[in-house]
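Notes to accompany the following structure.
Chains as they are written, first to last, in the working numbering: chain A, 40 to 576; chain B, 4 to 58.
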């Protein structure tokens with residue numbers, strides 16, 4: 040019953056996890072992208088033997104090193120939080136999370152740490168070929184590390200390849216490959232890593248533009264811009280494609296997220312996409328009287344576009360929030376209220392099994408209930424909705440109110456989606472314009488554009504954060520889609536302890552961020568050098 | 004070692020100390036390991052949480 044839940048601990052635990060994850064994501068994407076940019080420029084140096092390319096590579100490698108050093112281990116804090124703040128969740132996910140994270144740890148530890156060391160300390164100490172191989176393997180290792188955590192996140196969005204064990208209260212992996220190659224995981228991997236590539240490209244272009252503006256290191260800056268802009272343009276096109284595939288997949292497996300992204304209450308055929316809109320504030324009143332049109336102060340729509348983006352057909356039906364909460368028999372949509380009742384039935388069966396087992400583990404009733412819990416039809420029709428159970432209430436009115444409480448925050452999801460998409464297309468334009476002008480040899484003459492490029496550096500960070508907000512806030516209230524809500528996932532600990540650690544993190548992250556900025560800016564001001572005092576860090 | 008290298012190493016060491024010594028030891032005990040001795044007890048507790056009709 041929702042009235043018995045302490046939402047303060049739920050919200051503080053979520054806030055702390057969000058703060059840590061977002062801070063971690065400040066460092067990760069630059070590492071993912073700059074690693075490959077280092078590999079590209081060092082390959083050119085290896086092929087040409089031109090020391091200017093070595094100078095260029097060493098400069099960007101130095102910035103990569105500073106970022107890597109500041110970011111390393113910040114992700115571990117998330118794992119601490121799993122054990123302390125999210126213990127029910129950690130136990131419930133069992134091996135599904137453990138296996139990918141263990142593989143990540145092994146790959147991160149052995150591959151990244153080995154080759155990062157050779158990359159930084161190995162100049163002049165190992166052969167050029169081996170050094171180049173180490174730079175490539177560092178970049179590949181960093182991206183492979185990202186695979187596993189994104190696979191784990193993909194499973195949380197779309198739990199496949201697993202079965203719940205009613206004896207251990209844990210999910211067990213039944214098909215490793217189904218988890219690894221789930222469409223959700225693949226889309227997430229390509230979308231997130233290419234986000235890192237675009238971010239690194241914008242970073243390199245922005246820093247190089249500063250050198251052009253200062254009339255320093257002209258050749259270095261132009262070469263850096265060419266490599267980064269080509270890499271960025273290819274990556275941003277992959278982002279658009281993977282974003283389109285993600286939208287189609289979300290329409291299929293997380294239709295409520297799609298409806299929240301559009302603030303779409305009434306499902307419709309030929310559904311329009313809100314290209315630009317300002318919400319009225321009424322979208323916070325989630326109930327049966329809510330209305331898609333009244334929610335907007337102003338909007339510009341593209342007719343049929345949402346249907347097309349979701350199902351490749353501009354006439355197709357896109358479900359709205361009310362269709363999903365109240366159900367739509369004509370479209371075969373099961374209502375949230377029905378799902379809550381089915382989840383409640385699954386929970387009562389599990390409870391009965393637990394009680395029967397405690398009374399007599401060998402009784403016929405225990406055997407019958409265990410068989411029922413493992414029966415595929417029961418799993419498909421009832422246990423699939425296990426996570427809805429906490430929203431159950433015997434009173435139909437309260438049940439419906441609870442069902443509307445399961446609608447994710449709309450305005451945050453709506454605006455974050457638009458910020459991400461608009462910036463995504465801005466980056467495509469940015470790379471095209473930069474490449475056009477650099478090949479015309481006119482970029483350095485456009486001071487206004489150089490300033491725009493410098494001030495564009497924070498934008499891919501904002502786009503990346505907005506993307507994660509859409510992915511995570513848009514799927515609330517779930518920790519694991521349909522199986523476990525955040526209200527059940529948390530540990531029953533003191534809210535004050537989470538508030539204290541939240542404050543500690545906020546201070547620690549702020550100091551770390553400032554420290555990185557200071558070291559980075561100082562090294563950028565010094566600029567690249569042909570012969571550094573000592574390349575080893 | 005260049006000055007920036009020393010700064011980065013200092014930052015890494017301070018950060019690792021704060022994360023693994025201060026945060027992990029004093030602020031982030033593993034809830035289930037800390038409160039229950041065996042996996043059976045932990046499973047039983049999580050079972051109760053999952054099937055609690057009051058939450």
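Backbone N, C-alpha and C fix where the C-beta goes; we use that ideal spot for every residue, glycine too. Predicted model only: the values in this text are computed from it and were never measured.
Where residue 394 of chain A and residue 387 of chain A are concerned, what is the direct C-alpha to C-alpha distance, given to the nearest angstrom? 10 Å
Spatial neighbours of residue 281 of chain A in its chain, beta-carbon cut-off 8 Å, leaving aside the 5 residues before and after: 226, 229, 230 and 233
Is it right to say residue 6 of chain A is buried, meaning 16 or more other beta carbons lie within 10 angstroms of its own, or is it exposed? Absent from the model: residue 6 of chain A. The displayed extent of chain A is 40 to 576, so no value can be given.
Looking at the C-beta of residue 575 of chain A, does it have a partner C-beta in chain B at a distance below 8 Å? Note that residue 575 of chain A scores a pLDDT of 47, beneath 50, so its modelled location is shaky; the value from the coordinates is reported in the next line. The Cβ of residue 575 of chain A sits closer than 8 Å to at least one Cβ of chain B.
At 3 residues or longer, and completely inside the stretch 483-526 of chain A: list those beta strand (DSSP E) runs for me, N to C. 517-519
Going by C-alpha to C-alpha distance, which of A:416, A:181, A:299 and A:135 sits closest to residue 66 of chain A? A:181
Any idea which residues DSSP pairs residue 370 of chain A with across the strands? Answer is none; residue 370 of chain A lacks a bridge partner.
Under 8 Å between the Cβ atoms of residue 483 of chain A and residue 312 of chain A? One thing to note: residue 483 of chain A has its Cβ no nearer than 8 Å to the Cβ of residue 312 of chain A.
Which bits of chain A does residue 15 of chain B rub up against, with CB to CB less than 9 Å? 108, 109, 111 and 112
8 Å Cβ cutoff, residue 41 of chain B in contact with chain A: no
Does residue 568 of chain A come out as helix, strand or coil in the three-state DSSP assignment? coil
Does the stretch 201-215 of chain A come close enough to the stretch 162-176 of chain A to have 3 or more Cβ pairs within less than 8 Å? no
Exposure label - residue 143 of chain A; buried when at least 16 CB within 10 Å: buried
In this structure, what does DSSP give as the bridge partners for residue 315 of chain A? A:339
Which residues in chain B have a C-beta closer than 9 Å to the C-beta of residue 53 of chain A? List them in chain order. In chain order: nothing, as chain B lies at least about 16 Å away.
Residues near residue 136 of chain A by beta carbon distance below 6 Å, same chain, minus five either side: 191
Around the Cβ of residue 362 of chain A, are there at least 16 other Cβ atoms within 10 angstroms (buried) or fewer (exposed)? buried
Would you check if the distance between the CB atom of residue 530 of chain A and the CB atom of residue 50 of chain A is smaller than 8 Å? no
For residue 308 of chain A, three-class secondary structure by DSSP: Residue 308 of chain A: strand per DSSP, three-state reduction.
Minimum Cβ-Cβ distance from residue 417 of chain A to chain B less than 8 Å: no
If you count every other CB in all the chains shown that lies within 10 Å of the CB of residue 342 of chain A, and 16 or more means buried, which is it? exposed
Pop quiz: residue 299 of chain A and residue 267 of chain A are said to be a contact at Cβ under 8 Å. What is the actual Cβ separation, rounded to whole angstroms? A Cβ-Cβ distance of about 35 Å is found for the pair residue 299 of chain A and residue 267 of chain A, leaving them out of contact under the 8 Å criterion.
For the structure I just gave you, are there three or more beta carbon pairs, one from the stretch 485-494 of chain A and one from the stretch 421-438 of chain A, closer than 8 Å? Contact fails: fewer than three Cβ-Cβ distances are below 8 Å.
By the criterion of Cβ-Cβ separation under 8 Å, what are the contact partners of residue 20 of chain B in chain A? In chain order: nothing, as chain A lies at least about 11 Å away.
Should residue 87 of chain A go down as buried or exposed, given a rule of 16 or more other Cβ atoms within 10 Å for buried? exposed
Relative to chain B, which residues along the stretch 75-87 of chain A have a C-beta separation below 7 Å, given in chain order? Shown here is that no member of the stretch 75-87 of chain A has a Cβ falling below 7 Å from a Cβ of chain B.
Could you check whether residue 349 of chain A and residue 309 of chain A sit closer than 8 Å to each other, using their CB atoms as the reference points? Their beta carbons are not under 8 Å apart, which means residue 309 of chain A does not touch residue 349 of chain A by this criterion.
Please name the residue, chosen from A:287, A:502 and A:471, that lies closest to residue 344 of chain A on a Cα-to-Cα basis. When each option's Cα is compared against that of residue 344 of chain A, the closest is A:287.
CA-CA distance, residue 40 of chain B and residue 48 of chain B? 11 Å
To the nearest angstrom, how far is it from the Cα of residue 54 of chain A to the Cα of residue 561 of chain A? 33 Å
Which same chain residues end up closer than 7 Å to residue 513 of chain A when comparing Cβ atoms and leaving out the 5 residues on each side of it in sequence? When the five nearest sequence neighbours on each side are left out, the beta carbons in the same chain lying within less than 7 Å of the beta carbon of residue 513 of chain A are those of 296, 299, 300, 447 and 452, in order along the chain.
Under the assumption that residue 463 of chain A contacts residue 424 of chain A (Cβ atoms under 8 Å), give the Cβ distance between them as a whole number of angstroms. So it is not a contact: roughly 34 Å between Cβ atoms.
Which one of B:34, B:38 and B:9 has the shortest CA to CA distance from residue 120 of chain A? B:34
CB-CB under 6 Å to residue 568 of chain A, same chain, minus the five flanking residues each way: which ones, in chain order? none
Identify, in the order they occur along the chain, each residue of the same chain with its Cβ nearer than 6 Å to the Cβ of residue 290 of chain A, setting aside the five sequence neighbours on each side. Closer than 6 Å at the Cβ level, and outside the excluded window around residue 290 of chain A, lie 297 and 349.
Determine the direct distance from the alpha carbon of residue 106 of chain A to that of residue 14 of chain B, and round the result to whole angstroms. 11 Å
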